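Visitor: Protein chains in written order, with full-length UniProt numbering: chain A, 1 to 345; chain B, 1 to 345; chain C, 1 to 345; chain D, 1 to 345.
Number of protein chains: 4
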Amino acid sequence: MTKIGIVGGTGYTGVELLRLLVGHPHVQLHAVTSRAEAGTRIADLYPNLRGHLDLSFTEPNLEQLSACDLVFFATPNGTAMQLTPDLLAAGVRVIDLAADFRLQDPHSWQKWYEIPHTCPELLSEAVYGLPEWHREAIAQARVVANPGCYPTAVQLGLLPLLSAGLVDTDSLIADAKSGVSGAGRKASVGMLMGEVGESFKAYNVHGHRHLPEICQELNRVVDRPVHLTFVPHLLPMIRGIHATLYATLVKEVSNEELQEVFTQRYADEAFIDVLPFAGHPETRSVRGTNRCQLAVHRPQQGKQLVILSVIDNLVKGAAGQAIQNMNIMLGFPEKSGLNHVGLLP
Amino acid sequence: MTKIGIVGGTGYTGVELLRLLVGHPHVQLHAVTSRAEAGTRIADLYPNLRGHLDLSFTEPNLEQLSACDLVFFATPNGTAMQLTPDLLAAGVRVIDLAADFRLQDPHSWQKWYEIPHTCPELLSEAVYGLPEWHREAIAQARVVANPGCYPTAVQLGLLPLLSAGLVDTDSLIADAKSGVSGAGRKASVGMLMGEVGESFKAYNVHGHRHLPEICQELNRVVDRPVHLTFVPHLLPMIRGIHATLYATLVKEVSNEELQEVFTQRYADEAFIDVLPFAGHPETRSVRGTNRCQLAVHRPQQGKQLVILSVIDNLVKGAAGQAIQNMNIMLGFPEKSGLNHVGLLP
Amino acid sequence: MTKIGIVGGTGYTGVELLRLLVGHPHVQLHAVTSRAEAGTRIADLYPNLRGHLDLSFTEPNLEQLSACDLVFFATPNGTAMQLTPDLLAAGVRVIDLAADFRLQDPHSWQKWYEIPHTCPELLSEAVYGLPEWHREAIAQARVVANPGCYPTAVQLGLLPLLSAGLVDTDSLIADAKSGVSGAGRKASVGMLMGEVGESFKAYNVHGHRHLPEICQELNRVVDRPVHLTFVPHLLPMIRGIHATLYATLVKEVSNEELQEVFTQRYADEAFIDVLPFAGHPETRSVRGTNRCQLAVHRPQQGKQLVILSVIDNLVKGAAGQAIQNMNIMLGFPEKSGLNHVGLLP
Amino acid sequence: MTKIGIVGGTGYTGVELLRLLVGHPHVQLHAVTSRAEAGTRIADLYPNLRGHLDLSFTEPNLEQLSACDLVFFATPNGTAMQLTPDLLAAGVRVIDLAADFRLQDPHSWQKWYEIPHTCPELLSEAVYGLPEWHREAIAQARVVANPGCYPTAVQLGLLPLLSAGLVDTDSLIADAKSGVSGAGRKASVGMLMGEVGESFKAYNVHGHRHLPEICQELNRVVDRPVHLTFVPHLLPMIRGIHATLYATLVKEVSNEELQEVFTQRYADEAFIDVLPFAGHPETRSVRGTNRCQLAVHRPQQGKQLVILSVIDNLVKGAAGQAIQNMNIMLGFPEKSGLNHVGLLP
């Protein structure tokens, strides 16, 4: 069995990796580290894992991690870049679920994440782990930067239009809404249920860290820099992202052709499900799954397109996509361990 | 005391009218009608009213309603237009919380509401009851069309920009999110908590009945028809609308000037609260109140503006605004009965 | 492959059966019937099943159902008893997820369900499908009455104490709380999110249909009729039952002995997870799984015991337990298709 | 105007005091203190108060507080006891919303709250502020211990039965469920929406700090110590407590007599609303109000009574009851500032 390590297993992406990996047919958990919980049985912290996993958290330890074939980082931003060079040197492949390797430009990284990057030389080598757009590079990668949750939902919806040259690159809008688990599992007043339950708000409208990541990736498929307005909102629910994407047509095109842009691009993708034209995807339909559901709208037959894109932020937006990347890197069938049906209702 | 009637008191706008009117210093409830619940004590259906209201629902009855000074219709679309001509003939003033008098054009009404209008001659007389923009006409009106919930949130955010001629009228976007109480209190599968709890979706993206209403009203302040893309979404919570509004600047203007467009326009408005520039209003801050909170954003200092507008859909979006209209029509202080503090948390 | 039919596949227990059965290694869905939705693709009604299931709903048809090895009824009460005799005659085995075969006494059935039973002769043959207590009879059964959701949570918590003779049978209390999916997926005002969201209440305190079922089953292990006070409540969430069970000790016993009553009784049970003494199970830990988590408390070391029992009402409380019964009846490994990890958070 | 101070105005009980006091006709806020937020405008922290309150938080300062007629402590346990002796010496009356003066026995206080009491000499003087049972003493009190939220709901339901001598004092059970705002507004992992949303659990079954408080108060009306099993649970919603109370009849009594025990005891109480026999109160009916709704049940006409008691934990369970106490202490009409209608839906 292939040996897997997880650094930082106590957060929501950590427990979600565990939920998915205990059912994976081809890998074995070798180490799950946590400084704060070292010694604690994992199933004591996460009782949903009782009977599925008989491991305890350990102190992060390079020797133990070096015995792994692949290590996931489910840590706060800035941690993976500390350990990754040594792991690579030991021949271990790395998937970082945080942001350390997402931005190619270390100055942009420092601007948005407010600490200097400690291994900028790895940024150009790291592969952006959106499999539907970078599968071949991922297969060869030593370091994969697992995309952010918002960026996943936004890119999957906009990239087909941009790569087909159908829409104006200067007036893109992503009005995105996320469940609260996207904020992670750390003590804070702002994410108390008393603060965010039964209410709704936008946040970071002036600038969210996922903006440069999205723009960097959209720019790969167009010939001049896109301008994107990205407005994140917080939903009073736990899992799910719904991105409502606005783009202006610059070419004459029928609804059928529009729909085909998506259905053809994603025809062979196991985790992208394009609904019939003008459908209304719901976050619950993909809850617990690695799937993105998309629908294309053209209200009043005008030139303003509306693309609806839903994912589970903890799965396709984090742990599931990470495992999809792992499957590609290690040569497993891409759906291994990821064939869940959405938990509806 | 002024005598008030409510036709259709069993829905959410009905019970909200009752919640607000039992605390109103200048009016007295004379009749609250319901065909289905005639004879039932109101406080038996709505136990929050126990001790505050000692009336029973009655069959709708023209004679009883004609004894009122003013009648609210909190009925499904198509009911108010049946009774309004007779009430006006009897000298009773009418505020319709449904859509019967919102559209000036009966053909548009028939197209969107799918039944012919039975008193199209009243459409031009009816006044659109958005007090901040039509206060004087409301004061004189015999029939007031109380605005829809989405249209209230959207107009309050866009009208200052449009009337100032600052933004492109051809690329307006309203990405709006509503709590489930906006769908009313009628048996349906689609609004079961099992269907809409812990999930999020857009709906009616191809065309929602509030679209023609919003466009009609925005068109009043501009010289050529606006084009608006309106995308409603359903939030897994009960009360609150959050409209995220996108408009493209067509003039050079500083952030301070932008902010002043709003603060000056609404300086004397008791129910419009403009937050500091780049604020993030939350629906909970206006829960249970007749207030709209607004904030202006200009991400990355570009030409794309983002206006955030929140209301309680049952208060400023329905019953509260109706009472505000009543206060204006009957010469009461505009805040009478409406001075609540938002229920936070 | 074994052929399976589902009668009434459009409700929450129906879609949950489908979610679980599409991943089952040993069975094949042969027919899923619905009068109301005949002809509709199942995945159009339940988009979580897109890509997992390529069937349409059909009219219920005895011939088609007779070709099945086993048929699940996920219908309203009173339907299964109409079709079951013919299916049995055709050699088809039946699992009813409704209440038709749960009560042995047809008079009690008529009293609580308000219609006469149409095949009372089958009541004594039908086996009550709580596998942890009736596994051998289930294996042989032609008709299995799948237990109610509340009865499952309550019995699994109380039966070990009663069968050990440790508690007073005359003062049992089950204070039970259920998510809204327990009420099913049918149009109603009472289960609108506007009615049941962000609120909590007890209901049917004077008498709930699950009371006679629970008492009937508890009575099997004691020598005189139990007296149980059963108070159901409605939680503002979708999935999960938490039963808080009160029983008075009648023997001297240590905490360790108490704990062992549970751990020994359930030592070989794959789906019963006894937490350490004085633990606090959460419904989310079993969300989406067929597991019951239990914990034993003895506050202030008194004689009043408190047993906490949580299940997912749609899985161990309905569809999952039905599949567990099917596995037993058809000789499959009992965990086939049921090895999910709780969706936490 | 009477001058009021609030020490610790940033928590949920603090903001709720502010919501209620800004609408109170007879008092004026003189000082609202917070060490952490000194200098911050209150309405910046709580935007629901914008336009209603033009004060900033100040450092707690004995001189400023001594100028008040009455000071509320909305602080963590252990703070009020530090400042109260000095305030009393300055002639200021005190209402503590925390637990500092609730327990008469300083050893019990130290046992449950884990710090020594610093002014045990005041414990016997302090009056327990449950107005329906101690109104006269409250009127004269210098120090009022505002009851806990659970104790309020439980006592209001059990005291009539106990004082009438109708039920066994040895087998009382309070199965209580609270919204998350009861845990206050402080950074913690355990109260994140990701942890407590869409789930349900019991907590502190082995012993909750409200247990000794409830027992102390119940013991006042009976001749031998009660034995109460108290099991608190956490509801996935923000406001509301529902106590389901179990008591065993020891006398023959009709349902009508039982109902009268409650209706007569509370006939003159503005904030206690006894529903018709066998009613089902909902927490939403009292949301935002100082009301307790109660209902009496006797399932299957047995000797086990079930009393249902609902309050808003932040109002009748905290800030509203504190203001009710203030009204009594200062000679205002008891309903001053407290005449809200429940926010339903």
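Ideal placement from N, C-alpha and C gives every residue a C-beta, glycine not left out.
Being a predicted model, the structure only gives us computed values, none of them experimental.
#1: Check Gln104(D) in the structure and name its three-state DSSP category.
#2: For a minimum of 4 consecutive residues, which ranges assigned as the alpha helix (DSSP H) are wholly contained in the UniProt domain "Semialdehyde dehydrogenase NAD-binding" (3-141) of chain D?
#3: Between Asp170(B) and chain A, is any beta-carbon pair separated by less than 7 Å?
#4: For Glu37(B) and Asp54(B), what's the separation of their Cα atoms in angstroms?
#5: Please state the DSSP three-state secondary structure of Pro232(C).
#6: Please compile the residues from chain D whose C-beta is within a distance smaller than 9 Å of the C-beta of Ala318(A).
#7: If you measure from the beta carbon of Glu37(B) to each beta carbon in chain C, is any gap under 7 Å?
#8: Look at the Cβ atom of Arg239(B), then the Cβ atom of Arg287(B), and state whether they are nearer than 7 Å.
#9: Of all Cβ atoms in chain D, is any one closer than 7 Å to the Cβ of Val315(A)?
#10: With a threshold of 7 Å between beta-carbons, can Glu260(B) be considered close to chain D, or not?
#11: Could you say which of Ala295(A), Pro160(A), Val154(A) and Gly302(A) lies nearest to Pro47(C) if we only look at CA atoms?
#12: Grab me the residues of Gly248(A)'s own chain with a C-beta within less than 8 Å of its C-beta, minus the 5 sequence neighbours each way, in chain order.
#13: Are there three or more Cβ pairs, one per stretch, closer than 8 Å when the segment 181-192 of chain B is compared with the segment 128-135 of chain B?
#14: What does a CB cutoff of less than 7 Å around Pro345(B) pick up in its chain, not counting 5 residues either side in sequence?
#15: Going by DSSP, which residues form a beta bridge with Ala278(C)?
#16: Give the straight-line distance between the Cα atoms of Val71(D) and Leu338(D), rounded to the nearest whole angstrom.
#17: Under 8 Å: do the segment 198-207 of chain A and the segment 257-277 of chain A share three or more Cβ pairs, one atom per stretch?
#18: Mark Arg50(B) as exposed unless 16 or more other C-beta atoms lie within 10 angstroms of its C-beta, in which case mark it buried.
#19: Beta-carbon of Asn290(B) versus every beta-carbon of chain D: anything under 7 Å?
#20: Any beta carbon from chain D within less than 7 Å of Ile238(B)'s own beta carbon?
#21: Three or more C-beta pairs closer than 8 Å, one from the segment 305-320 of chain C and one from the segment 12-27 of chain C: is that the case here?
#22: Which same chain residues end up closer than 6 Å to Arg142(C) when comparing Cβ atoms and leaving out the 5 residues on each side of it in sequence?
#23: Where does the unbroken beta strand (DSSP E) through Tyr203(A) begin, and where does it stop?
#24: Which residues, in order along the segment 190-208 of chain B, keep a beta-carbon less than 8 Å from a beta-carbon of chain C?
#25: State the beta-bridge partners of Ala295(B) as determined by DSSP.
#26: In the DSSP assignment, what are the bridge partners of Ile272(D)?
#27: When the Cα atoms are used, what is the spatial distance from Pro212(D) to Pro236(C)?
#28: Between the C-alpha atoms of Ile4(B) and Asn77(B), what's the straight-line distance to the nearest angstrom?
#29: State buried or exposed for Asp223(B), treating a residue as buried only when at least 16 other CB atoms are found within 10 Å of its CB.
#30: Any beta-carbon of chain D closer than 7 Å to the one on Gln264(C)?
#31: Quick one: which unbroken beta strand (DSSP E) runs of 3-plus residues sit fully inside the segment 235-260 of chain A? Chain order, please.
#32: Output needed in chain order: residues of the UniProt domain "Semialdehyde dehydrogenase NAD-binding" (3-141) of chain B with a Cβ under 7 Å from some Cβ in chain A.
#33: Under three-state DSSP, which class holds Leu172(C)?
#34: Select from the segment 158-186 of chain A all residues with a C-beta closer than 9 Å to any C-beta belonging to chain B, and list them in chain order.
#35: Specify the secondary structure class of Val144(B) as computed by DSSP and reduced to three states.
#36: Here's a check: name, in chain order, each residue in its chain whose Cβ is nearer than 7 Å to the Cβ of Asp86(C), leaving out the five neighbours to either side.
Guide: By the coordinates alone:
#1: Coil.
#2: 12-21, 42-45, 62-66, 80-89, 106-113 and 131-140
#3: no
#4: 15 Å
#5: strand
#6: Residues of chain D passing the Cβ test: none, with the nearest at roughly 13 Å.
#7: Cβ-Cβ to chain C under 7 Å: no for Glu37(B).
#8: yes
#9: No, Val315(A) lies away from the interface with chain D (no Cβ there is under 7 Å from its Cβ).
#10: No, Glu260(B) does not count as interfacial toward chain D.
#11: Ala295(A)
#12: In the sequence on display, residue 248(A) carries Thr and not Gly. Taken in chain order, the residues that qualify are Val167, Asp168, Ser171, Lys303, Gln304 and Leu305.
#13: no
#14: Arg284
#15: Beta-bridge pairing by DSSP links Ala278(C) to no other residue.
#16: 18 Å
#17: no
#18: buried
#19: no
#20: yes
#21: yes
#22: Same-chain partners within the cutoff: Leu88 and Arg93.
#23: Run containing Tyr203(A): none; DSSP gives neither H nor E here.
#24: Cβ contacts with chain C: Met191, Leu192, Met193, Gly194, Glu195, Val196, Gly197 and Glu198.
#25: Leu308(B)
#26: Cys292(D)
#27: Distance between the alpha carbons of Pro212(D) and Pro236(C) is about 30 Å.
#28: Near 21 Å, if we compare the C-alpha coordinates of Asn77(B) and Ile4(B).
#29: exposed
#30: no
#31: The segment 235-260 of chain A contains these whole beta strand (DSSP E) runs: 241-248.
#32: none
#33: strand
#34: Ser171, Ile173, Asp175, Lys177 and Gly179
#35: strand
#36: Leu62
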